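Worksheet: one structure, shown below.
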Amino acid sequence: MNSSDTDKKDIVLRLNDIQKSFGSVTILSDVNLSIVKGETVVILGRSGTGKSVILKCIIGLLRPDSGSVELFGQQFLNLSEKEENKLRIKIGFLFQSGALYDSMTVRQNLEFPIIRQPDYKKSDLSPKVIEQLKNVGLEESIDKVPSELSGGMQKRIGLARTLMLDPQIILYDEPTTGLDPFTSNEISHLILSMQNKYNVSSLIVTHDMACAKLVADRIVVLKDGKFAAEGTYEELEKSEDEFVKGFFEFS
Ligand SMILES: Nc1ncnc2c1ncn2[C@@H]1O[C@H](COP(=O)(O)OP(=O)(O)O)[C@@H](O)[C@H]1O
Ligand SMILES: [Mg+2]
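Numbering follows numbering that gives the first Met the number 0, with no gaps: position 97 of the sequence shown is 96.
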């Protein structure tokens, strides 16, 4: 195997020249990004600049106007629905809001993504639910409904549910937004420990610089529809660029 084959194999996600407009407004003009196995990339960017749009293009909730999304070496666009679903179950996502089903217990919420798969094994369900609740330290909440849990606990259950399908990449949309600093810190550490435990790749949109510092292998900064800067936390912290500096000033 030559080195380019090896490179390709290790790339979990690749975005090539993604463009996306809504009406006459161009949101993404030229987004390029590669993430390798086990890598954690944080996206920084001002509100309303297209960070969530990028995540939605990756999971197929939105279709880019041009460019390509490659997952695990396979083109994601132009697949049949069946093939697309097969790829999609390898992607976990944790959205900002509306993560859990209010009328279901924690157990039912965690079982839900699994029982939708045509070939799941019923005997695997309970041990898996327990394993993931243990991961997030919430075994005792198994029979509760979301309204009985705090915001931080709901986020942890959301993460546990995301992990139920053994994703190879997890997309997080502002995982700590709306939480107090103590709880944010707990969630950030949980994200980090799950990454270490399962060697999963992650793409995380956040404004929480403490979270970025803790979890990011690499940070990309979205500006005017493309990634305008890239580096480790320590590299970008020293940036002379006024826009990049703005993210670090309050951290
Ligand atoms: N489905 C949509 N239809 C029209 N406009 C949208 C849609 N989704 C997002 N937008 C617009 O695209 C811009 C970027 O949105 P978003 O990605 O949610 O920003 P953020 O960087 O804060 O996550 C916003 O101006 C938003 O109004
Ligand atoms: Mg957003």
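Even for Gly, the Cβ is constructed at its ideal location relative to N, Cα and C. All values derive from a computational prediction rather than experimental measurement.
Around the beta carbon of residue 24, fewer than 16 other beta carbons sit within 10 angstroms, so the residue counts as exposed. Contact check for residue 114 against residue 124 passes: the beta carbons are separated by less than 9 Å. Put simply, the backbone Cα of residue 75 is about 10 Å away from that of residue 56.
Looking at the backbone, the Cα of residue 47 and that of residue 121 are separated by about 42 Å.
Where residue 136 is concerned, there is no enclosing beta strand (DSSP E), because DSSP gives it neither an H nor an E. Fully enclosed beta strand (DSSP E) runs of no fewer than 3 residues occupy 10 to 21, 24 to 35, 39 to 43, 65 to 70 of the region 1 to 70, in order along the chain. Distances between the C-beta of residue 41 and the heavy atoms of ligand 2 are all 8 Å or more. Residue pairing by DSSP places residue 91 opposite 169 in a beta bridge. Take the alpha-carbon of residue 44 and the one of residue 52: they are about 12 Å apart.
Inter-residue distance for residue 35 and residue 116 is about 27 Å (C-alpha atoms, whole angstroms).
Contact between residue 222 and residue 166 is ruled out by a C-beta separation of about 29 Å, above the 8 Å threshold. DSSP places residue 212 within a helical segment (H, G or I) once states are collapsed to three. With a threshold of 8 Å, the Cβ atom of residue 69 does not count as near ligand 2, since no heavy atom of the ligand is closer than that. Contact between the region 156 to 165 and the region 104 to 113 is present: three or more C-beta pairs spanning the two stretches fall below 8 Å. Taking non-hydrogen atoms of ligand 1 into account, the C-beta of residue 50 is found less than 8 Å away from one of them.
Inclusion of residue 221 in the 8 Å shell around ligand 1 follows from its C-beta lying nearer than that to a non-hydrogen atom of the ligand. The beta carbon of residue 28 lies closer than 8 Å to those of 18, 223, 224, 225 in the same chain, with the five residues before and after it left out. With fewer than 16 other Cβ atoms inside 10 Å of its own Cβ, residue 180 counts as exposed.
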